[in-house]
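Numbering (this note's numbering), first residue to last: 12 to 258. Below is one structure; the comments refer to it alone.
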Amino acid sequence: MRGCGLRDEGLDALCTTLERFDEALRPVVAVQKLSLSTNHITAEGARRLARMLSTNLKLEELDLSDNDLQKAGGEAIASGLVGNKGRLQKLNMSHNRLRAGGARPLLQRFLEMTDSKLQICIRRLAGTKHGFVLAGMTVTGLEFLGWVEQHNNNNRSEAVFPGDRIVEVNGKTDSEEMLYELTVGEVLNIMLLRDGVCMKTLDLCYNLLGTKGSEELMAIVGCKRQGSMLGNQVRLDGGRILLMNAY
12 MRGCGLRDEG LDALCTTLER FDEALRPVVA VQKLSLSTNH ITAEGARRLA RMLSTNLKLE
72 ELDLSDNDLQ KAGGEAIASG LVGNKGRLQK LNMSHNRLRA GGARPLLQRF LEMTDSKLQI
132 CIRRLAGTKH GFVLAGMTVT GLEFLGWVEQ HNNNNRSEAV FPGDRIVEVN GKTDSEEMLY
192 ELTVGEVLNI MLLRDGVCMK TLDLCYNLLG TKGSEELMAI VGCKRQGSML GNQVRLDGGR
252 ILLMNAY
């Protein structure tokens, strides 16, 4: 959808479609790559995209380059990435006049996303099951109309999925103690870990950072502006790539 004159006004119908789920919380639309570059999108459109990103389960690559998101748009997209929990793998935010103020929250969120954690609270009736199908402490499925499925329906940005691993239940981290809490507890505060799920590539080039802004962001990354980059590229652990320059 590159350069199709979409503007902010055209985003709502698109985002609504990308947010659709069926009754089993399966995405109705399975779009994995989406280019919205050169569409005159501003901070208002970024806020709508952020709400979509917080619940979308399928989108892996999003190109928002050559728009006019500016500082407020960068902040909005960064907030959407919190709920997205690393499902988006590649984000192009180049040529958006973000400056340091708009690029900073995106960079910070990118660096924080290594493994995704989610915290859920389930209150169940005495004598009912928790709703997980488990192999050890790894979620392999959800019971139909169980408490966890109800949680998912009401909290899509914090939804639990097969492959998530329970690491803490009501303050307990030992496997046997966690299983006991899951068996008898009526109020369950559960922390799960989604291993290896994180954004792989972030492009922040050509956002009017200036020398001072680029040095500030490189300090956040933890390396010097000179001698730690290959062109505009910073390589991080796990094969993750950050693209950034002063222009």
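Every residue gets a Cβ at the ideal spot worked out from N, C-alpha and C, and that includes glycine.
Check whether residue i and residue j have beta carbons under 9 Å apart
i: V232; j: L122; result: yes
i: N103; j: D74; result: yes
i: L203; j: D185; result: no
i: N165; j: C216; result: no
i: K101; j: M210; result: yes
i: S127; j: K96; result: yes
i: G157; j: K183; result: no
i: D214; j: L254; result: yes
i: E72; j: A137; result: no
i: F143; j: L193; result: yes
i: T53; j: S76; result: no
i: R167; j: T212; result: no
i: R205; j: L99; result: no
i: T125; j: G249; result: yes
Beta-carbon separation (whole angstroms), residue i vs residue j, contact threshold 8 Å
i: L64; j: L92; result: 6 Å
i: V171; j: V159; result: 6 Å
i: L118; j: L228; result: 6 Å
i: S17; j: L47; result: The residue you asked about is not Ser; residue 17 is Leu in the sequence shown. Right, their Cβ atoms sit about 7 Å apart.
Residue from the options with nearest C-alpha to residue i
i: T66; options: N181, E86, R31 and N107; result: R31
i: V42; options: L29, H51 and H106; result: L29
i: G147; options: S46, L190 and A87; result: L190
i: E55; options: L129, E86 and T49; result: E86
i: C132; options: S105, V180 and G94; result: V180
i: G152; options: R18, P173 and G249; result: P173
i: S90; options: Q244, S105, H106 and P116; result: P116
i: H51; options: V40, R13 and G224; result: R13
i: R134; options: I201, N243 and L47; result: I201
i: V208; options: G94, L17, C15 and G16; result: G94
i: Y258; options: G16, G84 and S105; result: S105
i: R120; options: I88, N163, V150 and E187; result: I88
Using 8 Å as the cut-off, can you tell me whether the region 207-223 makes contact with the region 96-112, which would need three or more C-beta pairs spanning the two stretches below that distance?
yes
Touching or not, the region 13-22 and the region 47-60, by the rule of three or more beta carbon pairs under 8 Å?
yes
Going residue by residue through the region 138-207, where are the continuous alpha helix (DSSP H) segments of at least 4 residues, counting only ones entirely within it?
158-165 and 186-195
Please give the ranges of any beta strand (DSSP E) in the region 51-92, keeping only runs that are unbroken, at least 3 residues long and fully inside the region.
72-74
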